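Each remark here refers to the structure printed beneath this line.
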Amino acid sequence: MRIACPHCGARDMREFTYLGDATVARPDPSAPGALDRFTDYVYFRDNPAGAHREFWYHAFGCQAWLVVTRDTRTHDILSVESRAAK
Amino acid sequence: MRDESTRPLGQPGRLAQGGEIARSRPLRGRFDGRAIEGFAGDTLASALLANGLRLVARSFKYHRPRGILTAGSEEPNALVELRAGSRREPNSKATVTEFYDGLEARSQNHWPSLRFDLLAANAWLSPMLGAGFYYKTFMWPPSFWERVYEPLIRRAAGLGRAAGASDPDAYEHANAFCDVLVIGSGPSGLAAALAAARAGARVIVCEEDFRLGGRLLADAREINGMPGELWTARAIEELRALPEVHLFPRTTVFGVYDGGTYGALERLCDHMPVPTPHEPRQRLWRIVAKHAVLAAGAIERPMVFAGNDRPGVMLASALRTYAKRFAVVCGRRVALFVNNDDGWRTAADLARCGIAVSAVIDSRREVAPHVSALADKARIFTGAAVIEANGGSALRSITVRSNAGTETISADALGISGGWNPNLHLACHQGARPVWDERIAAFVPGAPPPGMRVVGAANGSMSLGACLREGAQAGYDAAEQCGFHPKAASAAADDEPCAVDAFWHVDLSAKAFIDFQNDVTGADVALAEREGFRSVEHLKRYTTLGMATDQGKIGSMHGLATLATLMGRSIPHAGITTFRPPYTPVAIGAFAGPHRGKHFRPARLTPSHRWAQEQGTVFVETGAWLRAQYFPQNREDDWLTTVKREVLTVRSAVGFCDVSTLGKIEMHGPDAAAFLDRLYINTFSTLAIGRARYGVMLREDGFVLDDGTCSRLAPNRFFMTTTTANAERVFAHMQFCHQVLWPELDVQFVSATDQWAQFSVAGPRARDLLAKLVAPFDLSNAAFPYMAACELMVAGDIPGRLYRLSFSGELAYEIAVPARYGDALARLLMQAGEAFGIAPYGTEALGAMRIEKGHVGGQEIDGRTTARDLGFGRMMSGKKDFIGRVMAARPALLETDRRVFVGFKPVNAQDRISAGAHLVPPGVPASAAHDQGVITSVAFSPSLQHWIGLGLLARGRERLGARVTAADPVRERFVEVEICAPCFIDPEGARLHA
Chain U
1 MRIACPHCGA
11 RDMREFTYLG
21 DATVARPDPS
31 APGALDRFTD
41 YVYFRDNPAG
51 AHREFWYHAF
61 GCQAWLVVTR
71 DTRTHDILSV
81 ESRAAK
Chain D
87 MRDESTRPLG
97 QPGRLAQGGE
107 IARSRPLRGR
117 FDGRAIEGFA
127 GDTLASALLA
137 NGLRLVARSF
147 KYHRPRGILT
157 AGSEEPNALV
167 ELRAGSRREP
177 NSKATVTEFY
187 DGLEARSQNH
197 WPSLRFDLLA
207 ANAWLSPMLG
217 AGFYYKTFMW
227 PPSFWERVYE
237 PLIRRAAGLG
247 RAAGASDPDA
257 YEHANAFCDV
267 LVIGSGPSGL
277 AAALAAARAG
287 ARVIVCEEDF
297 RLGGRLLADA
307 REINGMPGEL
317 WTARAIEELR
327 ALPEVHLFPR
337 TTVFGVYDGG
347 TYGALERLCD
357 HMPVPTPHEP
367 RQRLWRIVAK
377 HAVLAAGAIE
387 RPMVFAGNDR
397 PGVMLASALR
407 TYAKRFAVVC
417 GRRVALFVNN
427 DDGWRTAADL
437 ARCGIAVSAV
447 IDSRREVAPH
457 VSALADKARI
467 FTGAAVIEAN
477 GGSALRSITV
487 RSNAGTETIS
497 ADALGISGGW
507 NPNLHLACHQ
517 GARPVWDERI
527 AAFVPGAPPP
537 GMRVVGAANG
547 SMSLGACLRE
557 GAQAGYDAAE
567 QCGFHPKAAS
577 AAADDEPCAV
587 DAFWHVDLSA
597 KAFIDFQNDV
607 TGADVALAER
617 EGFRSVEHLK
627 RYTTLGMATD
637 QGKIGSMHGL
647 ATLATLMGRS
657 IPHAGITTFR
667 PPYTPVAIGA
677 FAGPHRGKHF
687 RPARLTPSHR
697 WAQEQGTVFV
707 ETGAWLRAQY
717 FPQNREDDWL
727 TTVKREVLTV
737 RSAVGFCDVS
747 TLGKIEMHGP
757 DAAAFLDRLY
767 INTFSTLAIG
777 RARYGVMLRE
787 DGFVLDDGTC
797 SRLAPNRFFM
807 TTTTANAERV
817 FAHMQFCHQV
827 LWPELDVQFV
837 SATDQWAQFS
847 VAGPRARDLL
857 AKLVAPFDLS
867 NAAFPYMAAC
877 ELMVAGDIPG
887 RLYRLSFSGE
897 LAYEIAVPAR
907 YGDALARLLM
917 QAGEAFGIAP
927 YGTEALGAMR
937 IEKGHVGGQE
947 IDGRTTARDL
957 GFGRMMSGKK
967 DFIGRVMAAR
977 PALLETDRRV
987 FVGFKPVNAQ
997 DRISAGAHLV
1007 PPGVPASAAH
1017 DQGVITSVAF
1027 SPSLQHWIGL
1037 GLLARGRERL
1047 GARVTAADPV
1057 RERFVEVEIC
1067 APCFIDPEGA
1077 RLHA
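Protein chains in written order, with my numbering: chain U, 1 to 86; chain D, 87 to 1080.
Written out as structure tokens, the structure is:
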């Protein structure tokens, strides 16, 4: 599998490490019900067959955290965004 | 007595002329100790046939005599042990083994010899050894399976023997990138390569054979009015001259992976007795290609009838290959048994080489006149079948059944052709399912993986004309999509007749072989079907059909078709088993490549490593690092003696230790302090400039991630350390927090682990020693108190840093200099410290002093402990948010009966405590039901003169002074211990503030 890093170009997947679901967002820790929200954030994940937004870390490259949209059925990489660029 | 084995056989099977062999370069080798001769350009198989050797192997299960069936990598029979000693390679296919001078090969799987194999008695047992026999027989008594039956069966069955010694050769990994990867160099592949390369595309052509050309080397065909081999030679010449083209013979593309990545194995030195000095034997390529053209051709199918495995029965295409490419005749009385037009061309091709075909048996009732004219001198049987191949270890005759009755025909070679299977293996690696094509009675590729085009015979287009057209078109399209401007192709050839009628078996007897390599017969498939193994995947596992080293290249299609026939289903309905990489076996050595021994995991060395080596240090692997474990001096013969001395030296004088392995991170930015506040459970924005603070980080799930210190060197500048083990992980975590969670924070940080050499200098004389190194810097308690940090000059002019941190509990500093000065600083410390009785200490003494002081380490931060468990509850700030704060407040993590961090000392001071011992109340059995905790770290305390331990115990802090049993059933050590506070030495901290 190859991931087109926005900073480094298309690179082999061995340069990256995988974290997982990028659709979750860290909840507001001061909001009411924060514990329930954090439980969802930390533990509960969908397991879609198809396009999935997920975090990849370009550990052996520019060390950017990327949001990669990948088709979990085919490993097609549909898009790659850098979080640092925003 | 004269040794018969050295007498040359004289190559009785070699034609007087022709062949793509260099007759000026004769070669000699040995097969089973017998001298054989050949020429450069031969394979081992062609040489064996030229020398008149037809019995070359014994079969896997029944030890039936076997000859050479094919001329390619699909060969199921002619497997040999190649080379000797540590280079012995079992199951090497003679058909793809290049003949070289000094070649040494042995036949395998027989006893005592190939010709006289007593294990052939297995054939008589065949009724007991059919499909799934190991599920049915040898079942009683059950205990016999492991001790008696399995060893017996394993000895009797099987293939070659592994070398059993370390591989002396080198293997390499390499990467390549191209616009168009062409897999296969037959007519389709060459046409594709030419079309793309002429347009300027970067083209790589991989060919598993040592010679490019594919079937054009083996079949007598014309392209553009010239002989096929001449067109091939010109095409190769043209490709070679183009700068962007790379031709890789001896290179098998074995796997297709995501994103246009292809795995290929290049055999650089397999055609030599030993590799050229300093050359790898094989090279594993990872090829990234924008487009790929799969032109892998097709594999001819055998015919299934009794005795179809008799030496002398060969694929018709193999007869042609041996005759034309190698100038080898496989028999003087040749017959053909076919179900398709292409098989007939064998007669014409052999006739060109001067070999007459005496009979052609076609299963079809009708054969077009222009096809049967190809064998005008032969007896022709249509609507007929060979019902048995007769002979012992060589074919003598065939029995033919036709409308005219049954007749025995003398033959020493029988060419069989059951049609062709497109070689679609690689097109299916990404999960595409093949599609049945009734026209050629074979599966053709379904939707190929993105970027791949399948052309020619691999695509089910069997005529030469179609191969050239499809190849050229694919090369054209691929180049055009890469932005080049290709021109229309020029190669053309006739579309020869290729009609075929499906024909799967003459009979399903126990002598009609379907999978030659695993000895699976028609009877086995029929039995499996009767017993209900009707899914193709079940059939495969039950009968082992297609599970040998050839992965069913020869037999699988017949097996599946036979199953479908028996069930009364269509072949596409019955389906086909899954194709997975590798296409042909790849040696583990090639996958390992250079990553062997020390290169498998290179050691990271500390800046003082060379100095430590000179001291005769004992090293230990800690993660990727090689660290000094202890520094034995004269007459210290066990590690504990050394470690005791090192600890006591630190506690009474001064010692030093290389701590450069700690993760080090430099951090700058106006929001650095705010960022650290969110990372650590405690507060860093309040940290004064020139001061350091101990900090603990949690994971977002509320458990402890890591600990370390962080120093503030300037208002917006911090330097933090992580534990050695977690350096990369913490850094990645911080990057995540910054880039993903809080990109608005203006902070930058970089790993500086390798940039700084850092030494801990500890002991009552540490200040005196350092004063000599950092003068005129004021080290007094008032000027540089405990937890102070600063930048300063070391040894006059080396820019360094000094931190007053103590892991040992003594008056201690950590001094840092740029890594290149680390070796010099170690020597300087030794020299300057001599007057104070200095000793270097290693990780053992470091750990012992940590345990004496009750600091947590990696054994306690095990991913399951919370800050509260480890005694850091009060460090958790209530005034701010930080990673893990919310989840750390989960009810389960606040339970009062959690296992918490405490110390242990043996009630009987002589007792030794075990790390890993479980803690149970005194007087109860050491069982899981009574388990209350675990000892995590132990050390012998030289200061206290007994063993001490740290651990995690339920309600431990409420039980100080009480006793538990530390149970270590493995070492049979059950020790009564007293629960105590984790700090054993100087709990008031008088020493570190000294």
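Glycine included, each C-beta is placed from N, C-alpha and C at the ideal position.
Since the structure is predicted, the reported quantities are computational estimates derived from the model, not experimental observations.
The distance from the Cβ of GLU896 of chain D to that of VAL736 of chain D is about 6 angstroms, consistent with a contact at the 8 angstroms cut-off. Taking the CA atoms as reference points, PHE60 of chain U sits about 41 angstroms from GLY632 of chain D.
When the beta-carbon positions are compared, SER1000 of chain D and VAL1020 of chain D stay at least 8 angstroms from each other. For MET653 of chain D, the enclosing alpha helix (DSSP H) covers residues 642-653. Annotated as proximal: ALA1012 of chain D and PHE1060 of chain D, with beta-carbon spacing under 8 angstroms. In the three-state reduction of the DSSP assignment, ASN507 of chain D falls in the strand class.
Interface residue (Cβ-Cβ distance to chain U less than 8 angstroms): GLN719 of chain D is not classified as such.
Not a single CB atom of chain D sits nearer than 8 angstroms to the CB of TRP56 of chain U.
For MET973 of chain D, the chain U residues whose Cβ falls inside 7 angstroms of its Cβ are PHE38 and VAL42, in order along the chain.
Straight-line spacing of the CA atoms in TYR628 of chain D and LEU594 of chain D works out to 17 angstroms.
In the structure shown, GLN841 of chain D falls within a coil segment according to DSSP collapsed to helix, strand and coil. Between the C-alpha atoms of THR670 of chain D and GLN63 of chain U there is a straight-line separation of about 38 angstroms.
Residue pairing of SER846 of chain D in beta bridges, as defined by DSSP: D:CYS743 and D:GLU900. Rounded to the nearest angstrom, the gap between the Cα atoms of CYS584 of chain D and VAL453 of chain D is 11 angstroms. In this structure LEU168 of chain D is in contact with GLU175 of chain D, their Cβ atoms being roughly 5 angstroms apart against a cut-off of 8 angstroms. In the structure shown, THR795 of chain D adopts extended strand secondary structure according to DSSP, grouped into three states. Within the stretch 805-838 of chain D, the residues whose Cβ lies closer than 7 angstroms to some Cβ of chain U are ALA818, GLN821, PHE822, GLN825, VAL826, LEU827 and PRO829, listed in chain order.
In summary, TYR43 of chain U is exposed, with fewer than 16 beta-carbon neighbours lying within 10 Å of its beta-carbon over all protein chains present.
Our two residues, ILE484 of chain D and ARG465 of chain D, have alpha carbons roughly 14 angstroms apart in a direct line. In the DSSP assignment, ASP203 of chain D is bridged to D:PRO198.
One Cα belongs to GLY1047 of chain D, the other to MET806 of chain D, and the distance between them is close to 37 angstroms. Here the stretch 607-620 of chain D makes contact with the stretch 649-660 of chain D; the two share three or more CB pairs at distances below 8 angstroms. Residue contact with chain U for GLY345 of chain D: present (Cβ-Cβ distance below 8 angstroms to some residue of chain U). Listed along chain U, the residues sitting closer than 7 angstroms to GLU786 of chain D by beta-carbon distance are VAL42.
Residues of chain U whose Cβ lies closer than 7 angstroms to the Cβ of ASP909 of chain D do not exist; the shortest such Cβ separation is about 28 angstroms. In the three-state reduction of the DSSP assignment, SER178 of chain D falls in the strand class. Interface residue (Cβ-Cβ distance to chain U less than 8 angstroms): ARG976 of chain D is classified as such. Annotated as proximal: ALA282 of chain D and ALA564 of chain D, with beta-carbon spacing under 8 angstroms. Distance from the Cα of ALA578 of chain D is smallest, within the candidate group D:ARG731, D:GLU308, D:ALA459 and D:THR808, for D:GLU308. Residue pairing by DSSP puts CYS1066 of chain D in a beta bridge opposite D:GLY989. The Cβ-Cβ distance between GLY501 of chain D and ALA402 of chain D falls below 8 angstroms. Annotated three-state conformation of GLY171 of chain D is helix, per DSSP. Within the same chain, Cβ atoms closer than 8 angstroms to the Cβ of LEU625 of chain D are found at VAL611, ALA614, GLU615, PHE619, LEU631, GLY645, LEU646 and LEU649, the five residues on either side in sequence being excluded. With at least 16 other beta carbons inside 10 angstroms of its own, ASN394 of chain D counts as buried. Between ALA217 of chain D and TYR148 of chain D, the gap from beta carbon to beta carbon reaches 8 angstroms or more. Counting C-beta pairs closer than 8 angstroms gives three or more between the stretch 457-474 of chain D and the stretch 419-433 of chain D, which meets the contact rule.
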